[in-house]
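A quick write-up on the structure given underneath.
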Amino acid sequence: MSIVRGAARSLDDLRRLSWSQRRLTIIIVGAPVLAWCCSLLAGAAFSPWTLVAVVVLTLLTAIRPDSQAGLSTVLFVGWYWLTHVSTDTGDPVSPWALGAGLSLLAFHTATAARATAPGSADLDRAFWRRWSRRVAIIAAATGGVWGLTAAMASQHPGREGLTLAAFAVLVGGMARARWVLVREQ
Amino acid sequence: MNESAQAVSERSLWRPTAALLRSLYGGAAMTLTALTFGRPDLVVLGAPLVVIAVWSLMTRPRGDMNPQTSLAHQSLREGEATTWHTSVNTVPGMEQVVAAVAVGRWLKAAPATGMRTHTVSADSVSTGTTGAVIRLDIALQSRRWGRREVGSGLVAATSAWGAFRFGPHDCFPRILWTLPLPATFDAKAPTPSPHGLVGLNRSRRAGDGSEFASIRAYQPGDRLRRIHWPLSLRAGELYVTSTWADQDSRVMLLVDARNDLGESGGLGLEASSLDVTVRAAAAMAEHYLRRGDRVGLRVFGAFNVARLPAMAGRGHLRRVLDTLASIEAGTDRHSNPTKTAGDLTAGTLVVVLSPLVSPDAMTHAVTLARRGLSVIIIDTLPDRVDRQADVGMQLAWRIRRLERERDNRRVQDSGIPTVPWRGPGSLDQVLRDLGRRSSAARMARR
Chain S
1 MSIVRGAARS
11 LDDLRRLSWS
21 QRRLTIIIVG
31 APVLAWCCSL
41 LAGAAFSPWT
51 LVAVVVLTLL
61 TAIRPDSQAG
71 LSTVLFVGWY
81 WLTHVSTDTG
91 DPVSPWALGA
101 GLSLLAFHTA
111 TAARATAPGS
121 ADLDRAFWRR
131 WSRRVAIIAA
141 ATGGVWGLTA
151 AMASQHPGRE
161 GLTLAAFAVL
171 VGGMARARWV
181 LVREQ
Chain P
1 MNESAQAVSE
11 RSLWRPTAAL
21 LRSLYGGAAM
31 TLTALTFGRP
41 DLVVLGAPLV
51 VIAVWSLMTR
61 PRGDMNPQTS
71 LAHQSLREGE
81 ATTWHTSVNT
91 VPGMEQVVAA
101 VAVGRWLKAA
111 PATGMRTHTV
121 SADSVSTGTT
131 GAVIRLDIAL
141 QSRRWGRREV
151 GSGLVAATSA
161 WGAFRFGPHD
171 CFPRILWTLP
181 LPATFDAKAP
191 TPSPHGLVGL
201 NRSRRAGDGS
211 EFASIRAYQP
221 GDRLRRIHWP
231 LSLRAGELYV
241 TSTWADQDSR
251 VMLLVDARND
261 LGESGGLGLE
271 ASSLDVTVRA
281 AAAMAEHYLR
291 RGDRVGLRVF
301 GAFNVARLPA
311 MAGRGHLRRV
321 LDTLASIEAG
331 TDRHSNPTKT
341 AGDLTAGTLV
351 VVLSPLVSPD
361 AMTHAVTLAR
371 RGLSVIIIDT
381 LPDRVDRQAD
391 VGMQLAWRIR
401 RLERERDNRR
411 VQDSGIPTVP
421 WRGPGSLDQV
431 LRDLGRRSSA
441 ARMARR
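Sequences listed follow chains S and P, in order.
Heads up: the first sequence runs through residues 1 to 185, numbered per this note's numbering.
Heads up: the second sequence runs through residues 1 to 446, numbered per this note's numbering.
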């Protein structure tokens, strides 16, 4: 009975979402499914139950964006990629990995943005501008990581430690640059 | 407190959110898995999360926003609006502030959700401006009279990527008094027994006033400016113009708050019986006080409501409205008509405002009339109150209506007029009747 009541309340909450929050909810539901599709395109076998699981997890995230359902979704998509996408085909870093990474970026960003305000609250233009700009920066960085990983994997196959080290240097460099900028200001 | 302890305390005000944990654990899990299983493609999947996690941790806010809330007004008239102010201090790393106020049944907010968000300017965030005040205002319109708590709400703030959150901080409610908006009312008929010193009602005795009474021969003591010169010149002796004295009346409003029947939709919508009663009482008080009469107020059926003695002036109108706004229907089940009559003196016009569904109002009216006071009952039962969907309720209301009619007839037979509330002119006819009755010859009891 309490489950039914809880579900009814959740649906009511979703119905009361403001327009800006509805747009974010569409991204929350759509992005992990897109990541799942990318894994199919990268060579994963079709598995209906994993699609159901992804949809259920995204719906839970859409209902409760400030819960750990989002983390479960991210981990599930990662696990699915790891177990279903093979790298034995000679292409260790598929271009579809970039698509999946960007989908996860969209999912995480939309979920975080939705949790910043109650569902019926409207988000102003400054908010959208700032978050769009940041997503673009992270998307560009992800593209850079993909390019770097693909280049290193093709030149030094089987030396993933080197890839990881390069990635760590990239992230560390960005963090250091930001710290210096803030300190100067 | 030393500096490091204070820094820890300030940081603890900002708690990590599910978004930070997602980026941190999700990114770390994918990167470690990539390393363990030799899968560079998983680095690409986890890269955005890792970068966001690092970004979030580096921009962790610290400091107390010190949220403050206030209401612009403590009292309003029905339909008027006030503003709920929220102010917070900016702290480095704070990016978005959200304020939400509980919008009760009788409030209308703008924005309609009762929530407002504010994105801190990019300059303030990047330069780490501290101490600047951000204000978020939500307009609240009160739609029904009464005393209620307003402004219970939450204030929260988030950092970059929604990674850290301050609050939600509870805002304590404030008391907002909504004074009834008086209905339209006007009475052209004079009150039956004016007996005060000043006012607009013509008394039954001659004296200083503005209304012409007669022309009579001059008597020592008459003022020279009262001499009627044309007639005095023709007659060869002095004549003066006499006037009726202007006097004020004493009006006592007796409000029945025993029941509140019907649905109240707020100002401009459907009115319950208590809405009609309170707004009618406010209208009559405003009307008579503007004329210079003295108005008092007694309420029965509501607990802890002040008894206002008959007084004049605009300040007293505010007291009457405050008292009406404090009424809560049916909170007092004991009323004593003798006590209600209390210090009412002869010549007071008592107006009982009641939906007439409980016998108390009629008992009060009869008790007061037996003491020689002029009493009028105003029926404030709304027309639509008995339009019920349920057949059983319809039947019950029909029976109740019949009982009311019977009781009304009995009360009218004892000389107390009952009129339905119709706004302007509701009382004119009964006031004229009462005036005629009070000036008519009476049979004396021996």
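Ideal placement from N, C-alpha and C gives every residue a C-beta, glycine not left out.
Keep in mind it's a predicted model, so treat the numbers as computed, not measured.
Hey, out of the options, whose CA is closest to residue i's CA?
| i | options | result |
| --- | --- | --- |
| His316 (chain P) | P:Pro382, P:Arg290, P:Arg60 | P:Arg290 |
| Val357 (chain P) | P:Arg398, P:Leu321, P:Asp64 | P:Arg398 |
| Ile63 (chain S) | S:Tyr80, S:Gly78, S:Ala8, S:Val93 | S:Ala8 |
| Gly425 (chain P) | P:Ala361, P:Leu308, P:Thr184 | P:Thr184 |
| Ser86 (chain S) | S:Thr111, S:Leu40, S:Leu60 | S:Leu40 |
| Ser242 (chain P) | P:Ala235, P:Asp222, P:Ser159 | P:Asp222 |
| Gly93 (chain P) | P:Asp413, P:Thr59, P:Ala72, P:Thr119 | P:Thr59 |
| Thr178 (chain P) | P:Ala132, P:Arg143, P:His228, P:Leu231 | P:Arg143 |
| Ile227 (chain P) | P:Leu238, P:Arg234, P:Pro220 | P:Leu238 |
| Gly415 (chain P) | P:Leu431, P:Trp421, P:Glu403, P:Gly423 | P:Leu431 |
| Met311 (chain P) | P:Gln429, P:Arg39, P:Ser249 | P:Ser249 |
| Phe46 (chain S) | S:Gly30, S:Leu59, S:Thr83 | S:Thr83 |
| Ala35 (chain S) | S:Arg134, S:Ala100, S:Val135 | S:Ala100 |
If you draw a straight line from the alpha carbon of residue i to that of residue j, how long is it in whole angstroms?
| i | j | result |
| --- | --- | --- |
| Ser272 (chain P) | Gln68 (chain P) | 37 Å |
| Val150 (chain P) | Thr113 (chain P) | 15 Å |
| Pro61 (chain P) | Ser70 (chain P) | 26 Å |
| Asp386 (chain P) | Asn304 (chain P) | 30 Å |
| Thr323 (chain P) | Ala306 (chain P) | 6 Å |
| Arg125 (chain S) | Asp275 (chain P) | 43 Å |
| Leu308 (chain P) | Ser20 (chain S) | 53 Å |
| Trp519 (chain P) | Leu32 (chain P) | Because chain P is modelled from 1 through 446, residue 519 (chain P) falls outside the range shown and cannot be assessed. |
| Thr186 (chain S) | Gly143 (chain S) | Chain S is shown from 1 up to 185; residue 186 (chain S) falls before or after that span and cannot be answered. |
| Arg401 (chain P) | Leu344 (chain P) | 32 Å |
| Glu95 (chain P) | Thr111 (chain S) | 17 Å |
| Gly47 (chain P) | Leu136 (chain P) | For the sequence presented, residue 47 (chain P) should be read as Ala rather than Gly. Their backbone Cα atoms lie some 37 Å apart in a straight line. |
| Arg446 (chain P) | Arg406 (chain P) | Because the pLDDT of Arg446 (chain P) is 49, which lies under 50, any placement of that residue in the model is unreliable, and the number read from its coordinates should be weighed accordingly. The alpha-carbon atoms of Arg446 (chain P) and Arg406 (chain P) are separated by roughly 33 Å. |
| Gly78 (chain S) | Gly26 (chain P) | 9 Å |
| Gly79 (chain P) | Trp106 (chain P) | 10 Å |
| Leu253 (chain P) | Gly265 (chain P) | 25 Å |
| Leu17 (chain S) | Phe172 (chain P) | 26 Å |
| Gly423 (chain P) | His73 (chain P) | 30 Å |
| Ala329 (chain P) | Gly146 (chain P) | 11 Å |
| Arg22 (chain P) | His108 (chain S) | 8 Å |
| Arg133 (chain S) | Ala140 (chain S) | 11 Å |
| Pro111 (chain P) | Trp49 (chain S) | 43 Å |
| Ala102 (chain P) | Ser152 (chain P) | 6 Å |
| Ala19 (chain P) | Ala34 (chain P) | 22 Å |
In chain P, what lies closer than 8 Å to residue i by C-beta?
| i | result |
| --- | --- |
| Gln21 (chain S) | Those within 8 Å of Gln21 (chain S) in chain P number zero; the least Cβ separation is about 11 Å. |
| Phe127 (chain S) | Gln96, Thr117, Thr119 |
| Ser120 (chain S) | Thr113, Met115 |
| Val93 (chain S) | Pro40, Asp41, Val44 |
| Val145 (chain S) | Val43, Val44, Ala47 |
Within its chain, find whatever has a CB closer than 6 Å to the CB of residue i; leave out the 5 residues flanking it on each side and keep chain order.
| i | result |
| --- | --- |
| Val98 (chain P) | Thr117, Ala156 |
| Gln141 (chain P) | Ala81, Lys108 |
| Arg410 (chain P) | none |
With burial defined as no fewer than 16 other Cβ atoms inside 10 Å of the residue's Cβ, what is the status of residue i: buried or exposed?
| i | result |
| --- | --- |
| Val52 (chain S) | exposed |
| Thr71 (chain S) | It should be pointed out that residue 71 (chain S) corresponds to Leu in this sequence rather than to Thr. Buried: at least 16 other Cβ atoms inside 10 Å. |
| Leu11 (chain S) | exposed |
| Met393 (chain P) | exposed |
| Ser154 (chain S) | exposed |
| Trp229 (chain P) | exposed |
| Leu224 (chain P) | exposed |
Show which residues of chain S have a CB atom less than 7 Å away from the CB atom of residue i.
| i | result |
| --- | --- |
| Ser23 (chain P) | His108 |
| Arg30 (chain P) | Before going on, a small fix: residue 30 (chain P) reads as Met here, not Arg. Near Met30 (chain P) (Cβ distances below 7 Å), the residues of chain S are Gly78. |
Which same chain residues, not among the five before or five after residue i, have their C-beta less than 7 Å away from its C-beta?
| i | result |
| --- | --- |
| Ser335 (chain P) | Phe300, Gly301, Asp360 |
| Trp421 (chain P) | Val276, Ala280, Ile378, Asp379, Thr380 |
| Ile52 (chain P) | Ser23, Trp161 |
Residues in the same chain with beta-carbon distance under 8 Å from residue i, minus the five sequence neighbours each way, listed in chain order, please.
| i | result |
| --- | --- |
| Trp133 (chain P) | The residue asked about is misnamed: residue 133 (chain P) is Val in this sequence, not Trp. Cβ within range, chain order: Ser87, Val88, Asn89, Thr90. |
| Ile215 (chain P) | His228, Leu231, Tyr239, Val240, Thr241, Ser242 |
Which residues in chain S have a C-beta closer than 8 Å to the C-beta of residue i? List them in chain order.
| i | result |
| --- | --- |
| Pro16 (chain P) | Within 8 Å Cβ-Cβ: nothing; Pro16 (chain P) doesn't reach chain S, min ~12 Å. |
| Phe37 (chain P) | Leu82 |
Can you name the residues of chain P whose CB is closer than 7 Å to the CB of residue i?
| i | result |
| --- | --- |
| Gly101 (chain S) | Val44, Leu45, Ala47, Pro48 |
Counting only Cβ pairs nearer than 9 Å, list the residues of chain P close to residue i.
| i | result |
| --- | --- |
| Ala115 (chain S) | Thr17, Ala18, Ala19, Thr158, Gly162, Arg165 |
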